[in-house]
Each structure stands twice: as C-alpha cells, then as structure tokens.
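Mind the numbering: the sequence shown is residues 1 to 267 in the UniProt record's numbering, read in order.
Don't be surprised by glycine CBs; every beta carbon is placed ideally from N, CA and C.
If you're wondering where the values come from, they're calculated on a predicted model, not measured in any experiment.
Below is one structure; the comments refer to it alone.
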Amino acid sequence: MQEFVDNHRKIFVLTGAGISTESGIPDYRSEGVGLYATSNKRPVQFKTFMDSAKARQSYWARNYIGWPRFSTFQPNITHLTLAEWEKKGKIQCVVTQNVDRLHHKAGSTKVHELHGTAFNVICMSCSKMVDRHSFQSRLRILNPHMSSHSSEIRPDGDVELTEEEVNQFQVPPCKHCGGIMKPYIVFFGDNVPKDRVERVKQELSESDGLLVLGSSLFVYSGYRFILQAVDMGIPLCAVNIGTTRADKHLDFRISARCGEVLPQIVV
C-alpha cells in the first residue's frame, strides 16, 4: 500500500459505506452486521417512492426522526487522512458512493457525490433544490406531535416507526409548484445522472491509480469505473473488509478497516 501511494500522484479514490461505519453510520452489506444481515428491511425503491403517496409519507416520517442524528455524524480518521492527502497533492479526486457529506466535513474539496447527498432535497417537478435542514423545519411545523430524535438509525438516515406514527405524518409539497419532494439521492432502482457519470469518467482518465476504500463494489454505479480503469491499464487496489466485486481486477486488496490502514501510510 505504501508503495502504491508512493508511486502515484493522481490517485482516484472511490469510497463506500465501509469508511463511514467507523463514524457510527451503519451500512447495508457488512457480513453479519449490515442492515441486510440483521433485518428484512430494504431501502425504498425509486419507483415506489414516486408512485405511492403512502411510501413517501412513510419515508419522510422515518427520515424526519433520524435526521437530527444522521446530520451530526462526524468524519473519522479515513476522511481526515484523505483530506490531508489532497492538500499534499496526492489525489486527483474522491468519488464517494456515500450521501453523508463526511468528506466535505473533513475538508476535502475534490469530491464527487456519485449518489447525491442527503443534505439537499429536490422537487421532482420543477427541480427546485432546498437545504435539508430547511426542509426539516417545514416538517417540524407540520408535525408538532412527532419527536424528532432517535438513537437507532439506518444507512440512509431513517428509523423504525409504528404504523400509527406514519399515518399521522404530514409531508409538504414543493413551495414553488406543489410537486413531490425527494432527497437529492439516487434511490435504488434509479440511475446516476449521465452528466455526473461523464465528469467522473473524465477525472479517471486524468488519474494514474485507483484506490477503493470501504466498498464491495456490488452496485454497478461504482463498479463501472473499475472496468474503465482496467481498459485504461490504471493500477487498482482496495482496502475493504471482505471480498469485492472487483477482486479479479485488483493488483492487491487489504482486508481490514480503512481506519487501521490509511493512517500508517506516509505521504
């Protein structure tokens, strides 16, 4: 790993949920402890969210309760180390599959949020964007009976509620056109915007190494950049607990927590 970092000065870093678990945010796929292993709950699908007012009510009720805690998670040593690497000229960019804004909180500036961010909300009709904290205030005014605090949280920032609590929850429409409000996140079943993909592809074409941190690369939206790197002959390595979809393409993989590995690298 030290040799990989020493030999490359334009590293394309692809990060996944595994780097944020050390900040306290759970993930979906960690063996034995991820949401998929410990629960039969699954994240809402894009089509379900758009087609069903009930699904939107359920989503926003849970998200409203989980937001105060989710929004205050702090970056860990991995996020902070990557910000330092950027300052020292080692990083071409960070492409994150996470929506938690922890790279920004750590001080990184060359960040592409592949799946969007939980910190913005967008109208699906007029595309007006609002800050998630502002939207939280609107939700609070409409739902004074709901306690906006929870200690248990899911990877996408929501929590478990009773059916009665969900049924009472009021969701505001867009202030400008009355449209459906949705987190500025790529939901399961949706696609990453093409212009975003093209920007990231351009970044990769200007890179000389690809480092995967905390991702199984199960989702194609991230894995596609592995395939591009292979086609371009760009060296690949990964730090992840467990196997990844890209193992056959990697020059090497370290099976460990990112927070145990990155601080040992001298830049």
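| Asked | Found |
| --- | --- |
| Can the beta-carbon of His79 be found closer than 9 Å to that of Leu102? | yes |
| Which of the three DSSP states is assigned to Pro26 in this structure? | coil |
| Could you give the uninterrupted runs of the alpha helix (DSSP H) lying entirely in the region 43–101, keeping only those of 4 residues or more? | 46–51, 53–70 and 77–87 |
| For the region 180–191 against the region 68–85, are there 3 or more C-beta pairs whose distance is under 8 Å? | no |
| Using DSSP with H/G/I as helix, E/B as strand and the rest coil, what is Leu250? | coil |
| Please report the straight-line C-alpha distance between Val121 and Met129, rounded to a whole angstrom. | 6 Å |
| For Gly179, which three-state DSSP category applies? | coil |
| Express the C-alpha separation of Val212 and Asn63 in angstroms, rounding to a whole number. | 29 Å |
| Is it the case that the Cβ atoms of Asp251 and Arg9 are separated by a distance below 9 Å? | no |
| Do you know whose CA, among Arg69, Val44 and Ile254, lies nearest Ile25's CA? | Arg69 |
| Could you check how far apart the C-beta atoms of Val99 and His115 are, in whole angstroms? I think they sit under 8 Å. | 6 Å |
| Would Leu210 pass as a contact of Leu82 if the rule is Cβ separation under 9 Å? | no |
| In this structure, does DSSP put residue 268 in helix, strand or coil? | The structure shown has nothing for residue 268, since the chain only spans 1 to 267. |
| I'd like to check one pair, His112 with Glu203: are the Cβ atoms closer than 9 Å? | yes |
| Taking only three categories from DSSP, how would you classify His112? | strand |
| Please say whether Gln92 and Glu3 have beta carbons closer to each other than 9 Å? | no |
| For Met232, does the three-state DSSP call read helix, strand or coil? | helix |
| Between Arg257 and Gly18, is the Cβ-Cβ spacing less than 9 Å? | yes |
| Less than 9 Å separating the beta-carbons of Pro173 and Leu139? | no |
| Alpha carbons only, please: which of Tyr223, Ala118, Pro263 and Met181 is nearest the one belonging to Lys201? | Tyr223 |
| Please name the residue, chosen from Ala61, Asp231, Ser255 and Thr96, that lies closest to Lys110 on a Cα-to-Cα basis. | Thr96 |
| Rounding to the nearest angstrom, what Cα-Cα distance links Glu163 and Met124 in this structure? | 26 Å |
| Let me know if Ile141 comes out buried or exposed under the rule of 16 or more other beta-carbons within 10 Å of its beta-carbon. | exposed |
| How is the alpha helix (DSSP H) around Gly209 delimited, first residue to last? | Gly209 -> not in any alpha helix (DSSP H); beta strand (DSSP E) instead, spanning Gly209 to Leu213. |
| Is Val266 buried or exposed, if buried means 16 or more other CB atoms sit within 10 Å of its CB? | exposed |
| Does the distance from the C-beta atom of Ile226 to that of Cys237 stay below 9 Å? | no |
| I need the straight-line Cα distance from Asp195 to Trp85, nearest angstrom please. | 27 Å |
| By the three-class DSSP mapping on this structure, what secondary structure does Phe188 have? | strand |
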